[in-house]
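The structure under discussion appears below in the form of structure tokens.
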Amino acid sequence: MLKVFKPLALLMMLTASTYTLADERSIIVFDGSGSMWGQIDGKAKHEIAQEALRNMLENTPDSMTLGLMAYGHREKGSCTDIEMLVPLGQNNKADILRAVQNMKFLGKTPLSAAVQQAATALRYTEDKATVILITDGEETCQADPCKLGTELKENGVDFTAHVVGFGLSQQQGEQVACLAHNTGGQYFEASNAADLTKAVNAAVQATQAGPAVEAPTPAPLATPSSPLATIDAPEMAEAGTVIEITWTGPNNTSDYITIVKPEAKDADYGVYSRTSSGTTLKLQAPDALGSHEIRYVQNEDKKVLARQTIELTPVEATVSGPDRIG
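Quick note, our numbering runs 177 ahead of the 1-based positions in the sequence shown.
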């Protein structure tokens with residue numbers, strides 16, 4: 178059964194931990210997607226995540242073999258933007274921190290492909306291997322994290338993925354949690370800066386050798402089945418511009434895709450387009466800045482079958498005119 182560790186359990190896990198990390202080989206997969214510009218308590222999520230990682234590195238022995246991989250940090254809209262920023266090695270904590278601090282946050286969330294590449298770099302079919310995924314969003318590149326977790330566990334010698342979900346909705350959390358669950362790993366959820374610091378530290382502690390650390394048993398999180406619908410769209414766009422959205426789903430009579438604020442009720446809708454218009458739609462983003470949700474809504478019962486967060490940013494001003502006057 179999957180365990181979701183919340184702040185108190187995380188703290189108890191950290192203080193109870195006594196095992197060495199020296200023999201562990203782990204790659205941290207760090208989210209560089211555009212949604213990391215979203216804010217929590219007035220601070221950008223990427224800044225909070227960078228600080229949490231710095232805190233974790235300060236408490237990690239130099240002898241631990243670590244690497245750093247990132248996705249979405251170089252290109253907008255690319256599902257292949259995955260890069261090993263710091264190769265596996267010891268005494269490289271300063272390099273990892275420097276690389277994270279220099280990251281840009283631009284693109285999509287190909288988290289499944291990134292975890293697969295990290296596992297391959299760790300030679301997971303030959304050696305014990307651990308991946309620690311830190312993400313603020315769900316998979317956006319038409320991959321199935323749950324299926325990947327099962328495959329990595331079946332093909333690996335001793336492969337484990339631990340996932341830190343930062344500011345995720347319950348539905349988003351379920352999708353990435355099953356990646357951890359299917360590999361025998363742990364899912365840690367965090368909703369603010371303090372929780373994230375504890376979660377990142379606990380994820381690293383979970384890679385330790387020896388028996389699992391006891392923690393209070395939290396409520397179980399159900400492992401999701403295949404989604405009823407999916408949405409593929411940019412994670413960041415300029416407010417008021419037209420965005421392209423690709424969807425899959427039942428396409429029942431009058432089902433629709435809409436863009437609303439995250440706190441909107443399931444029956445609420447903003448600008449929308451019927452799914453009968455095609456599997457690729459174009460919608461004009463609202464003028465309001467900040468986090469929004471693109472939703473697939475089943476019209477019959479107003480049930481949201483899929484949702485994706487999109488961050489709306491100010492329009493970049495451009496000035497044009499004649500080359501010369503007079």
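From the three backbone atoms N, C-alpha and C, an ideal C-beta is built for every residue, glycine too.
Could you give the residue range of the alpha helix (DSSP H) that holds residue i?
i: residue 264; result: First-last for residue 264: 259-266, but that is the beta strand (DSSP E), not the alpha helix (DSSP H).
i: residue 289; result: 288-298
i: residue 324; result: 322-332
i: residue 354; result: 347-358
i: residue 277; result: 270-278
i: residue 233; result: 222-235
Cutting at 7 Å between CB atoms, please list the residues of its own chain near residue i, excluding the five before and the five after it.
i: residue 263; result: 244, 245, 269, 272, 273, 276
i: residue 317; result: 285, 286, 409, 412, 485
i: residue 234; result: 270, 273, 274
i: residue 447; result: 435, 436, 437, 463
i: residue 389; result: Low confidence applies to residue 389: its pLDDT is 39, below 50, so where it sits in the model is not reliable, and the reading given next is rough at best. Contacts found: none.
i: residue 227; result: 277, 278
By alpha-carbon positions, which one of the options ends up nearest to residue i?
i: residue 255; options: 481, 227, 211; result: 211
i: residue 303; options: 288, 432, 329; result: 329
i: residue 492; options: 418, 468, 354; result: 418
i: residue 425; options: 452, 412, 411; result: 452
i: residue 324; options: 334, 346, 354, 335; result: 354
i: residue 371; options: 257, 222, 482; result: 222
i: residue 454; options: 443, 429, 260; result: 429
i: residue 510; options: 375, 225, 307; result: Past the boundaries of the shown model lies residue 510; the chain is included only from 178 to 503, so the question cannot be answered.
i: residue 346; options: 315, 333, 334, 336; result: 315
i: residue 480; options: 227, 442, 220; result: 442
i: residue 445; options: 478, 456, 457, 305; result: 478
i: residue 459; options: 440, 423, 483, 482; result: 423
Inspect the beta-carbon positions of residue i and residue j and report whether they are closer than 8 Å.
i: residue 284; j: residue 326; result: no
i: residue 311; j: residue 282; result: no
i: residue 348; j: residue 357; result: no
i: residue 267; j: residue 239; result: yes
i: residue 369; j: residue 218; result: yes
i: residue 416; j: residue 360; result: no
i: residue 163; j: residue 427; result: This structure gives no information on residue 163, because the portion of the chain shown stretches from 178 to 503.
i: residue 338; j: residue 289; result: no
i: residue 406; j: residue 449; result: no
i: residue 373; j: residue 380; result: no
i: residue 259; j: residue 294; result: yes
i: residue 334; j: residue 376; result: no
i: residue 209; j: residue 261; result: no
Can you list, in chain order, the residues of its chain whose CB lies under 8 Å from that of residue i, leaving out five sequence neighbours each side?
i: residue 265; result: 202, 204, 242, 243, 244, 298, 299
i: residue 487; result: 212, 410, 411, 412, 413, 414, 420, 436, 462, 468, 469, 470, 471
i: residue 292; result: 206, 308, 310, 322, 325, 329, 338, 356
i: residue 230; result: 205, 207, 273, 274, 277, 311, 377
i: residue 237; result: 198, 243, 270, 381
i: residue 332; result: 301, 302
i: residue 456; result: 423, 424, 425
i: residue 214; result: 221, 222, 223, 282, 413, 488, 490
Grab the span of the beta strand (DSSP E) containing residue i for me, first residue to last.
i: residue 480; result: 480-490
i: residue 366; result: 364-367
i: residue 414; result: 413-415
i: residue 419; result: 419-425
i: residue 464; result: Counting along the chain, residue 464 falls outside any beta strand (DSSP E), and DSSP gives it neither H nor E.
i: residue 306; result: 305-312
i: residue 342; result: 335-343
i: residue 206; result: 202-208
i: residue 301; result: That residue, residue 301, is in no beta strand (DSSP E); it is neither H nor E in DSSP.
i: residue 448; result: Segment: none, residue 448 is in no beta strand (DSSP E) and carries neither H nor E.
i: residue 247; result: 242-248
i: residue 432; result: No beta strand (DSSP E) contains residue 432, which DSSP labels as neither H nor E.
i: residue 456; result: From DSSP, residue 456 is part of no beta strand (DSSP E); its letter is neither H nor E.
i: residue 407; result: 407-409
Grab me the residues of residue i's own chain with a C-beta within less than 6 Å of its C-beta, minus the 5 sequence neighbours each way, in chain order.
i: residue 399; result: In this prediction, residue 399 has a pLDDT of 39, which is less than 50 and means its spatial position is unreliable; what the coordinates show is noted afterwards. Around residue 399: no qualifying Cβ.
i: residue 431; result: 476
i: residue 232; result: 374
i: residue 253; result: 283, 284
i: residue 251; result: 258
Is residue i close to the ligand FAD? I mean its beta-carbon at under 7 Å from any heavy atom of the ligand.
i: residue 375; result: Among the components modelled here there is no ligand, and therefore nothing to report on the ligand FAD.
Validate contact between the stretch 426-440 and the stretch 459-466 using beta carbons, cut 8 Å, 3 pairs: yes
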